[in-house]
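For reference, the structure discussed in these notes is given below.
Numbering (the working numbering), first residue to last: 6 to 313.
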């Protein structure tokens, strides 16, 4: 027996409207944030989801590539779901390379992209310099300054004159090889401690380095070597994104005691405060500050040279 099924017009309209409500969604609309905190291998971006397109956003993040229109088929982050803003940490980049990044958001209709933002990673190559003893040091350019990326360990001034040496630095050559030597400010003040073409930085030059890295409250972490091989745990905030690779050589008091190797890194400036005191800059194992202070010239601190 043949059966005929009849639909009323309201039922058909209801079915069609349900179909379109369920299936006709738009792509999400998303904006790409500016790219900040660019280093040799990392950067920060993110985005804002301006519209979910009528469906729940199931994934958002940024994608990047050396091509001008990156997609999620390239490198990407996954930073969450739903509407609103998000921040994305980009990693695994190559130094001195131009990249393009776009924020993305995905819903049931597909993936929508923000506009592309371009950025270039910092130069990752270290240079070298050699002191009068024949020690070779890594150097690194940070902003407009070129710094030693290791602590000074020379035993002679750049005119060949021997520097008076205190030998009880645990009398361990391995410490000197890693942390460098400690010098009093009178050695700094000769103007002959660094190799020719280099000098001990002034207080203003240290301040310029700090400002370039975002200020004293965050610069320390960007200067410190990462991990706890040489820094005592927790080595708070250490990223070494500057390439400076600061190491904690501790300090020597004028009474002959050596203190806190692994805990503190203290470096002289060439700027004096008064006849007895000069300025230094310091890093600490349990915060990411770069601090400036002054102390007695007879005490022993580490030295980093900066290029003339």
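Virtual Cβ for every residue (Gly too), placed ideally from N, Cα, C.
Computed from a predicted structure; not experimentally measured.
Item: Taking the Cβ atom as the reference point for each residue, do residue 121 and residue 106 lie within a distance shorter than 8 Å?; Value: yes
Item: Throw me the rounded Cβ distance for the residue 246 and residue 49 pair, which I believe falls under 8 Å.; Value: Rounded, the Cβ-Cβ distance is 11 Å, inconsistent with contact.
Item: Apart from the five residues on each side of it in sequence, which residues of its chain come closer than 8 Å, Cβ to Cβ, to residue 313?; Value: 202, 203 and 204
Item: Quick check on the DSSP output: what are the complete beta strand (DSSP E) runs of length 3 or more inside the segment 90-169, in order along the chain?; Value: 103-112, 115-118, 122-125, 132-135, 141-147 and 150-153
Item: Have a look at residue 84 and residue 53 and give me their C-alpha separation to the nearest angstrom.; Value: 12 Å
Item: Can you tell me whether residue 276 is buried or exposed? The criterion is at least 16 other CB atoms within 10 Å of its CB, across all chains shown.; Value: buried
Item: Please go through the same chain and pick out, in chain order, the residues whose beta-carbon is closer than 7 Å to the beta-carbon of residue 113, but skip the five residues on each side of it.; Value: 30 and 60
Item: Are the CB atoms of residue 265 and residue 258 within a distance shorter than 8 Å?; Value: no
Item: Can you say whether residue 185 is buried or exposed, counting buried as having 16 or more other CB atoms within 10 angstroms of its CB?; Value: buried
Item: When you compare only the Cα positions, how much space is there between residue 278 and residue 102?; Value: 43 Å
Item: Check whether the Cβ atoms of residue 285 and residue 253 lie closer than 8 Å to each other.; Value: no
Item: In angstroms, rounded to a whole number, what distance separates the CA positions of residue 143 and residue 78?; Value: 38 Å
Item: Quick check: the Cα distance between residue 294 and residue 211, rounded to an integer number of angstroms?; Value: 13 Å
Item: Please list the segments of the beta strand (DSSP E) lying wholly inside the segment 244-287, counting only runs of 3 or more residues, in order along the chain.; Value: 269-277
Item: Would you call residue 158 buried or exposed, if buried means 16 or more other Cβ atoms sit within 10 Å of its Cβ?; Value: buried
Item: Apply the 10 Å Cβ neighbour rule to residue 73 and answer buried if 16 or more other Cβ atoms are within range, or exposed otherwise.; Value: exposed
Item: Please report how far the alpha carbon of residue 33 lies from the alpha carbon of residue 62, in whole angstroms.; Value: 7 Å
Item: Enumerate in chain order the residues of its own chain whose CB-to-CB distance from residue 81 is below 6 Å, with the five nearest sequence positions on each side excluded.; Value: 66 and 68
Item: Do residue 141 and residue 133 have their C-beta atoms closer together than 8 Å?; Value: yes
Item: At what residues does the beta strand (DSSP E) containing residue 51 begin and finish?; Value: 48-56
Item: Residue 64 bridges to which residues according to DSSP?; Value: 111
Item: Classify residue 75: buried if its beta carbon has 16 or more other beta carbons within 10 angstroms, exposed otherwise.; Value: buried
Item: Where does residue 229 fall in DSSP's three states?; Value: strand
Item: Contact check, residue 136 vs residue 206 under 8 Å by CB: the rounded distance?; Value: Contact doesn't hold; Cβ gap of about 16 Å is too wide.
Item: Residue 117 and residue 51: beta carbons closer than 8 Å?; Value: no
Item: Relative to the alpha-carbon of residue 180, which residue among 299, 235, 124 and 40 has its alpha-carbon at the smallest distance?; Value: 235
Item: Look up residue 34 in the DSSP assignment and say whether it is helix, strand or coil.; Value: strand
Item: Near residue 215, what residues of its chain come up, given a Cβ to Cβ distance below 7 Å and the 5 sequence neighbours on each side ignored?; Value: 221, 224 and 295
Item: To the nearest angstrom, report how far apart residue 176 and residue 272 are at their CA atoms.; Value: The predicted position of residue 176 is uncertain, since its pLDDT is 42 and thus under 50; no value can be drawn from it.
Item: Label residue 165 either buried or exposed according to how many other C-beta atoms from any shown protein chain fall within 10 Å of its C-beta, with 16 as the threshold for buried.; Value: exposed
Item: Start and end of the beta strand (DSSP E) containing residue 292?; Value: That residue, residue 292, is in no beta strand (DSSP E); it is neither H nor E in DSSP.
Item: So, at 6 Å on beta carbons, what are the nonlocal neighbours of residue 92 in its own chain, with the 5 sequence-adjacent residues on each side left out?; Value: 51
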